Amino acid sequence: MIIGIGTDIIEIERIEKAIKTNKHFLDKLFTKNEILLFESKAMRSEVIAGNFAAKEAVSKALGTGVRGFSFKDIEILRDELGKPVAKLNEKVEKVLGNKGYNLNISISHNNLSAIAFAVLEEK
Numbered sequence: 001m002i003i004g005i006g007t008d009i010i011e012i013e014r015i016e017k018a019i020k021t022n023k024h025f026l027d028k029l030f031t032k033n034e035i036l037l038f039e040s041k042a043m044r045s046e047v048i049a050g051n052f053a054a055k056e057a058v059s060k061a062l063g064t065g066v067r068g069f070s071f072k073d074i075e076i077l078r079d080e081l082g083k084p085v086a087k088l089n090e091k092v093e094k095v096l097g098n099k100g101y102n103l104n105i106s107i108s109h110n111n112l113s114a115i116a117f118a119v120l121e122e123k
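Written out as structure tokens, the structure reads:
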């Protein structure tokens, strides 16, 4: 059963500006593992924007927005095939009531924008 869905779109240029004007931008919003992912992808801004959009989409699928946890509590990585996967830490698990769930994410981008879609389902 679907618990929630969420989507987000962001202009890649906004992420580029945030990185240039705020040296702590990445550290404030992304985990060490996510930053390693970005480095493995040559710090491409569309990858960073896609992860940002995915975090927003997950927070919307939870139905809470970013309340009671931070963006760093949602980690967006890739599996061995490149599929985006989310790891939610204990703060986010608490929002879910520690119930079992499946979380599916899709990320896409063009040269201007990145978009993400998240579906949260009960196990």
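Residue numbers (the UniProt record's numbering): 1 to 123.
Glycine included, C-beta positions come from ideal geometry on N, C-alpha and C.
No experiment lies behind these values; they were computed from the predicted model shown.
Within its own chain, the residues whose Cβ lies closer than 6 Å to the Cβ of I107, once the five positions on either side in sequence are excluded, are G50, A54, P84, A116, listed in chain order. Straight-line spacing of the CA atoms in I3 and L26 works out to 30 Å. Less than 9 Å separates the beta-carbon of E75 from that of A86. Contact annotation, Y101 with K123: C-beta distance approximately 6 Å; criterion of less than 8 Å satisfied. For K123, the secondary structure class from DSSP, reduced to helix, strand or coil, is coil. By alpha-carbon distance to D79, the top candidate from S45, H24, L37 is L37. Relative to the Cα of V47, the nearest Cα in the group L96, L62, K28, E11 belongs to E11. The closest CA to that of S45, considering only L120, N111, V58, L77, is found on N111. Counting only the Cα atoms, V95 lies some 27 Å from A114.
Taking a C-beta distance under 9 Å as the contact criterion, N104 and L77 do not qualify as a contact pair. Residue V58 holds the alpha-carbon nearest to the alpha-carbon of V119 among V58, F69, K91. Between the alpha carbons of N89 and T64 lies a distance of about 15 Å.
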